[in-house]
Structures are given as structure tokens and as C-alpha cells.
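Asker: Going by numbering that gives the first Met the number 0, the final residue of the sequence shown carries number 309, and the count climbs one at a time with no gaps.
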Amino acid sequence: MQINIKISDALKGERFDLVICKFVPALSRSRAAGFIQTRCLSVNNRYRKPGYRVKSGDLVTGNIPEEKSCACVSAQKIDLDIVFEDEYIIVINKRAGMVVHPGPGNTSDTLVNALLSRCPSIAATCNDSFRSGIVHRLDKDTSGLIVAAKTSQALEFLQREFKYRRVKKKYLAIVSGRLSSCEGEIEMPIGRHPVKRKIMAVNHKTGRYARTLWKVKKYLENASLVEILLKTGRTHQIRVHFYAIDHPLIGDSVYQYRKNRRNRSVAPRQMLHSWQLGFRHPYSGRKMLFKAEPPEDFTQVQAKLKLFGS
0 MQINIKISDA
10 LKGERFDLVI
20 CKFVPALSRS
30 RAAGFIQTRC
40 LSVNNRYRKP
50 GYRVKSGDLV
60 TGNIPEEKSC
70 ACVSAQKIDL
80 DIVFEDEYII
90 VINKRAGMVV
100 HPGPGNTSDT
110 LVNALLSRCP
120 SIAATCNDSF
130 RSGIVHRLDK
140 DTSGLIVAAK
150 TSQALEFLQR
160 EFKYRRVKKK
170 YLAIVSGRLS
180 SCEGEIEMPI
190 GRHPVKRKIM
200 AVNHKTGRYA
210 RTLWKVKKYL
220 ENASLVEILL
230 KTGRTHQIRV
240 HFYAIDHPLI
250 GDSVYQYRKN
260 RRNRSVAPRQ
270 MLHSWQLGFR
280 HPYSGRKMLF
290 KAEPPEDFTQ
300 VQAKLKLFGS
């Protein structure tokens with residue numbers, strides 16, 4: 000279905016996803032948000048989040064796939080490294096290479112498929128089966144801790160905790176070059192790249208506030224092992240920020256110097272691992288902190304770089 004909506008004064012200030020629902024009544028709000036998040040819809044040819052407040056004169060355009068093309072998400076028995084589980088939440092140490100949730104054209108072998116097999120009731124947490132139980136995301140090639148909700152109440156609580164930055168998120172990364180200081184912070188707005196619309200970039204004109212704190216744990220051969228504390232949660236934040244200060248992540252094929260983009264001899268993926276995750280339990284309110292040590296490929300790269308040192 001083609002969408003072409005010019006925002007009137009009467010709609011000014013409405014949420015983007017609610018505007019879509021008004022013009023396509025068959026869509027639930029979460030389904031509309033799903034189409035927005037997968038870039039099926041845009042405002043003035045720019046990606047906006049579902050909560051964007053539309054302005055008078057905005058032009059909403061895009062295409063909503065026909066229902067028959069929106070495949071249902073099936074349960075798949077896939078082994079997961081489960082760190083913690085109770086009746087409300089499940090914390091997983093995600094392996095690198097696993098996509099968190101399905102998207103158009105990719106409806107299998109994701110974390111959501113595995114979760115639906117392990118706990119079928121997770122499908123009732125939201126109206127969008129593509130994102131059943133999903134509170135936050137990790138990139139496909141980022142390993143480490145991620146929490147999913149098993150009830151709708153837990154989902155809403157944890158999403159609110161992330162939104163108001165009450166969640167502790169620590170990562171480990173191997174970045175290229177030796178950072179000149181032992182610790183520091185990067186405070187640069189992140190938004191859609193002005194030309195390459197599929198990737199993110201530091202964008203001082205339209206980007207959103209983003210802050211990353213870092214501390215060097217070890218210097219390697221022309222690289223640094225870094226502990227990172229995220230104060231915000233923008234898409235690709237760590238990868239974009241370190242690329243912006245000329246220390247791109249080892250193995251990153253996107254946010255990388257052009258000459259290194261196809262070089263997989265040192266690392267097969269971006270060296271980024273979700274190391275620690277802390278939050279309040281959605282039922283008891285008890286503070287919980289989980290840790291997951293880096294996987295073998297991460298430690299192998301670290302050892303390889305150390306081996307080459309003097």
C-alpha cells in the first residue's frame with residue numbers, strides 16, 4: 000500500500016505511528032511502529048522514530064507491504080546461552096552472527112525465533128510478532144548480554160528503564176590505534192548519514208545527543224582494548240563514535256577506513272562485546288547485574304594483537 004500523507008494543522012503534534020494508524024485503521028500501533036523502524040515509511044524523505052511528533056506541512060511517504068508479504072514468525076529450536084531466566088525475563092549471552100529480530104525478507108534463525116520456541120507465551124508481549132519480547136537490540140555481529148521480556152508488563156517496564164537511561168550498559172571493544180589518554184568521553188550527536196541513508200554518522204545538524212565514556216584496559220599492537228560505558232543508546236553508537244575520533248573498531252566492515260574494509264585477516268567481525276548489563280527487575284524492583292566474558296574469537300584477536308607486540 001502506497002502512503003502519501005501531507006500533515007494538516009489538525010494533525011500537528013501527533014506521534015508518527017499514530018498518524019499512520021489513523022490513515023490505515025487495520026494497523027495496530029506496534030505494527031505501524033514496526034514499519035517505521037524498518038524504514039518502510041519516512042517523513043520528508045528522512046527516517047524518523049515512531050514517537051516523532053509530526054509538524055504541519057510534513058510529507059509522510061512510503062510503502063506498507065501487503066499482509067501476505069508479512070510472513071509470520073515461527074518458533075525454531077536454537078541453542079541459546081542463557082545467563083538468567085525466571086517467569087518475567089530472560090537474559091541471553093548472544094553469539095556474534097545472530098540477528099535479534101526478524102525483518103522483511105528475513106524471518107528465521109533470529110533470537111526471536113529461538114525465544115518463541117523456548118517460551119511460546121512471549122508472543123503475547125506485544126502485537127508485533129517480529130519483536131516479541133524484545134526490549135533492546137544488539138547488532139548482528141556484536142556478541143554479549145541482551146535481556147528479553149516474557150510478559151507485556153515486564154516489556155513495558157524495561158523499555159521505560161532503557162528510555163530514561165536507568166540501565167547500566169558496559170561493553171568491551173578492541174579499537175584500532177593507541178588512544179592517547181587512559182580514559183575519556185565522546186559527546187557527539189548521531190543521526191542518519193546525509194548521503195548513505197542505510198548507515199549512521201556524527202550529524203551535528205539533525206543528529207540526537209549521544210555520549211560514550213571509555214577507559215583503556217590494555218594497549219595492544221597498534222590497538223587498544225577499551226571498556227565502554229554507554230550513557231545513551233543510539234543506533235551503532237560505539238562504532239560511530241570511535242570511527243569519528245579516528246579509532247574505528249577492529250574488524251568493523253562499515254565504520255572503517257576504506258583500505259581496511261575488506262581486511263578480515265585480523266578479525267572476522269567488529270570486536271564489540273556487551274560485557275555487563277544492569278537493571279531493576281520488573282517485578283521485584285531488585286537491582287540485578289550480569290556479566291559475560293568475551294567469546295573465543297574476541298580473545299583470539301586480542302591474543303593475536305598482543306603476540307605481535309614488542
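C-beta atoms are modelled at their ideal positions from N, C-alpha and C, and glycine is treated no differently.
#1: What is the DSSP secondary structure of I121, reduced to helix, strand or coil?
#2: Measure the alpha-carbon distance for G50 versus G102 and round it to whole angstroms.
#3: Would you mind reading off the limits of the beta strand (DSSP E) that contains R191?
#4: Look at the Cβ atom of Y110, then the Cβ atom of I121, and state whether they are nearer than 8 Å.
#5: Between which two residues does the beta strand (DSSP E) containing I310 stretch?
#6: Count the other CB atoms within 10 Å of the CB of P92; is the residue buried (16 or more) or exposed (fewer)?
#7: I'd like to know whether the C-beta atoms of R279 and E160 end up nearer to each other than 8 Å.
#8: Return the first residue and the last residue of the alpha helix (DSSP H) that Q152 is part of.
#9: Here's the rule I'm using: 16 or more other beta-carbon atoms within 10 Å means buried, otherwise exposed. How should Y242 be labelled?
#10: Hey, how far is the Cα of C69 from the Cα of G61?
#11: Would you mind stating whether L26 and V53 have Cβ atoms separated by less than 8 Å?
#12: Tell me whether the beta-carbon of G250 lies closer than 8 Å to the beta-carbon of R238.
#13: Are G176 and S223 close, meaning C-beta to C-beta below 8 Å?
#14: For the beta strand (DSSP E) that contains F278, what are its first and last residues?
#15: Got a sec, what are the start and stop residues for the alpha helix (DSSP H) F15 sits in?
#16: Within the same chain, show all residues whose beta-carbon is closer than 6 Å to that of L58, passing over the 5 residues directly before and after it, in chain order.
#17: Would you mind stating whether L157 and V90 have Cβ atoms separated by less than 8 Å?
#18: Have a look at A31, S264, A148 and flag the residue whose alpha-carbon is nearest the alpha-carbon of Y282.
#19: Which same chain residues end up closer than 7 Å to N259 when comparing Cβ atoms and leaving out the 5 residues on each side of it in sequence?
#20: Compute the distance between the beta-carbons of C107 and Q75, then report whether it is under 8 Å.
#21: Sorted by chain position, which residues of the same chain lie with C-beta nearer than 6 Å to C125's C-beta, five sequence neighbours on each side aside?
#22: Pull up the CB-CB distance for R164 and K230, whole angstroms please, since I reckon it's below 8 Å.
#23: Please report the residue range of the beta strand (DSSP E) in which I89 lies.
#24: Give me the Cβ distance between I189 and A172, rounded to the nearest whole Å; I'm assuming they're in contact under 8 Å.
#25: Nearest-angstrom Cα distance between F34 and R196?
#26: Whole angstroms are fine: how far does the CA of D138 sit from the CA of Y105?
Answerer: The short version:
#1: Helix.
#2: C-alpha separation (whole angstroms): 20 Å.
#3: In the DSSP annotation of this structure, the continuous segment of the beta strand (DSSP E) that includes R191 starts and ends at 189-191.
#4: Residue identity differs from the one stated: residue 110 is Leu in this sequence, not Tyr. Not a contact, by the Cβ cut-off of 8 Å.
#5: Missing from the structure shown is residue 310; the chain here goes from 0 to 309 and no further.
#6: Here residue 92 is Asn; the residue named in the question, Pro, does not match the sequence. N92 should be labelled buried.
#7: Between R279 and E160, the C-beta gap is smaller than 8 Å, which places the two residues in contact.
#8: 151-162 is the extent of the alpha helix (DSSP H) around Q152.
#9: By the C-beta density criterion, Y242 is buried, having at least 16 other C-beta atoms within 10 angstroms.
#10: Here C69 scores only 43 on pLDDT, less than 50, and its place in the model is too uncertain to base an answer on.
#11: Taking 8 Å as the cut-off, the Cβ atoms of L26 and V53 do not count as close.
#12: Here G250 is not near R238, since their CB atoms are 8 Å or more apart.
#13: Yes, the pair counts as a contact, with Cβ atoms nearer than the cut-off.
#14: 271-279 is the extent of the beta strand (DSSP E) around F278.
#15: Counting along the chain, the alpha helix (DSSP H) containing F15 begins and ends at 15-22.
#16: Excluding positions up to five away in sequence, the list reads K5, N43.
#17: Cβ atoms of L157 and V90: not closer than 8 Å.
#18: Ranking the options by Cα distance to Y282, first place goes to A148.
#19: None.
#20: Reading off the sequence, residue 107 comes out as Ser, not Cys. Closer than 8 Å, so yes.
#21: Once the five neighbours on either side are set aside, the close Cβ partners of C125 are S29.
#22: Confirmed, Cβ separation roughly 7 Å.
#23: Where I89 is concerned, the enclosing beta strand (DSSP E) stretches over 88-93.
#24: Rounded, the Cβ-Cβ distance is 16 Å, inconsistent with contact.
#25: Answer to the nearest angstrom: the Cα atoms are 16 Å apart.
#26: In the sequence on display, residue 105 carries Asn and not Tyr. Each residue's alpha carbon lies about 15 Å from the other.
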